[in-house]
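Written out below as structure tokens is the structure these notes cover.
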Amino acid sequence: MARKVIALVAISVGLFLIFQAAPSVEGVAGEQDKAKSEKQMKKGAEMGSKIFMQYCASCHGVDAKGGGPVAASLKKPPSDLTMVEKVDGKFPTLRIQRVIGGEDVVEPHGTREMPVWGSFFRRKGGEGFAKMDITNLTTYIESIQQ
49 MARKVIALVA ISVGLFLIFQ AAPSVEGVAG EQDKAKSEKQ MKKGAEMGSK
99 IFMQYCASCH GVDAKGGGPV AASLKKPPSD LTMVEKVDGK FPTLRIQRVI
149 GGEDVVEPHG TREMPVWGSF FRRKGGEGFA KMDITNLTTY IESIQQ
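Numbering (the working numbering), first residue to last: 49 to 194.
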């Protein structure tokens with residue numbers, strides 16, 4: 049009888065310890081997901097930086113503050129993209145993606161009849177690549193907020 053009680057207590061303690069460890073395992077998984085997400089964000093920002101330098105820096109400048117070599121010839125100066133977050137206190141991810149994609153018109157970017165980067169990216173590599181380029185470019189712009 050004593051053996052059965054000891055075995056039952058041992059099993060109970062074992063199960064208790066397993067269930068107590070479960071949140072720790074979830075915590076480790078959450079930390080791994082966070083690290084993976086941060087790594088993906090960093091990679092996206094690196095890719096976005098290259099896209100920015102190729103397609104956006106001529107107007108917005110290599111520092112993204114609006115002083116690119118083409119800026120002087122525009123009717124309205126390009127936005128300082130390092131300060132986008134300051135407008136409403138949080139980064140407007142969807143708005144930036146819509147502007148890049150051509151769904152929202154920004155006066156200095158021209159009318160819908162003029163090419164916008166989203167349509168160019170779609171022609172270059174299809175819808176999937178366009179979304180990836182727009183996401184990476186948006187991630188880069190978010191990463192340079194001051």
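Don't be surprised by glycine CBs; every beta carbon is placed ideally from N, CA and C.
At least 3 beta-carbon pairs within less than 8 Å: the segment 98-112 vs the segment 125-144 | With the cut-off at 8 Å, the segment 98-112 and the segment 125-144 touch.
Every unbroken alpha helix (DSSP H) within the segment 96-120, with a cutoff of 4 residues, ordered by chain | 105-108
Are the Cβ atoms of serine 97 and tyrosine 188 separated by less than 9 Å?
-> By one-based count along the sequence shown, residue 97 stands at place 49. By one-based count along the sequence shown, residue 188 stands at place 140. In contact: serine 97 and tyrosine 188 (Cβ atoms closer than 9 Å).
Go to serine 167, then tell me how far its alpha helix (DSSP H) extends in each direction, as first and last residue.
-> The residue you call residue 167 lines up with position 119 of the sequence shown. In the DSSP assignment, serine 167 falls within the unbroken alpha helix (DSSP H) covering 165-191.
Have a look at lysine 144 and valine 154 and give me their C-alpha separation to the nearest angstrom.
-> In the sequence shown, the residue the question calls residue 144 occupies position 96. In the sequence shown, the residue the question calls residue 154 occupies position 106. In the sequence under discussion, the amino acid at residue 144 is isoleucine, which differs from the lysine named in the question. So the alpha carbons of these two residues sit roughly 11 Å apart.
Note the first and the last residue of the continuous alpha helix (DSSP H) segment covering glutamate 133.
-> In the sequence shown, residue 133 corresponds to position 85, counting from 1. Taken as a continuous stretch (DSSP letters only), the alpha helix (DSSP H) holding glutamate 133 covers 132-136.
Could you give the distance in angstroms between the alpha-carbon of glycine 114 and the alpha-carbon of isoleucine 192?
-> Locating residue 114 in the sequence shown gives position 66, counting from the first residue. Locating residue 192 in the sequence shown gives position 144, counting from the first residue. If you take the alpha carbons of glycine 114 and isoleucine 192, they lie about 13 Å apart.
Continuous alpha helix (DSSP H) stretch holding leucine 142: start and end | Counted from its first residue, the sequence shown places residue 142 at position 94. Start and end: 141-149.
Roughly how many angstroms separate the alpha carbons of lysine 124 and glycine 149, rounded to a whole number?
-> In the sequence shown, counting from the first residue as 1, residue 124 sits at position 76. In the sequence shown, counting from the first residue as 1, residue 149 sits at position 101. Distance between the alpha carbons of lysine 124 and glycine 149 is about 20 Å.
Could you check what DSSP says for lysine 198 in three-state terms: helix, strand or coil?
-> Because residue 198 is not part of the residues shown, which for the chain are 49 to 194, the question remains open.
Neighbourhood of glutamine 194 by C-beta, 7 Å cutoff - its chain only, sequence neighbours within 5 removed | Taking the first residue of the sequence shown as 1, we reach residue 194 at position 146. Same-chain partners within the cutoff: Thr130 and Met131.
If you compare alpha carbons, which of Lys87, Lys179 and Lys172 is closest to leucine 142?
-> Sequence index remark: in the sequence shown, residue 142 carries index 94 (1-based). Comparing Cα positions, the closest option is Lys179.
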